[in-house]
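Numbering (the numbering used here), first residue to last: 5 to 66.
Note that beta-carbon positions come from the ideal geometry of N, C-alpha and C, so glycine has one too.
Presented below is the structure to which this report refers.
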Amino acid sequence: LPRVDTLSNIQEGMLDFCGSVPDAISLWKGAPPYLKKVLEMGKLPKNIRLKDALEALCRTQG
């Protein structure tokens with residue numbers, strides 16, 4: 005997926021704005037499996053690209 009600035013869901017045919025990235029990633033119902041897995045692990049990627057998810061997994065917790 006490409007880098008994005010905002011995310012939205014489609015609910016009952018209506019566009020439902022989630023917010024700005026990265027905060028909106030956890031609200032995005034259409035997230036691909038690799039993002040859902042990263043979120044389940046308590047990590048928040050900077051964006052939705054696979055590269056961002058991998059970087060979030062590799063970050064050292066401080």
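In this structure D20 is in contact with S12, their Cβ atoms being roughly 6 Å apart against a cut-off of 8 Å. In the DSSP assignment, D56 falls within the alpha helix (DSSP H) that extends over L54 to C62. Inter-residue distance for L58 and G17 is about 33 Å (C-alpha atoms, whole angstroms). Counting along the chain, L19 sits inside the beta strand (DSSP E) bounded by residues M18 to S24. L43 carries a helical assignment under DSSP once its states are collapsed to helix, strand and coil.
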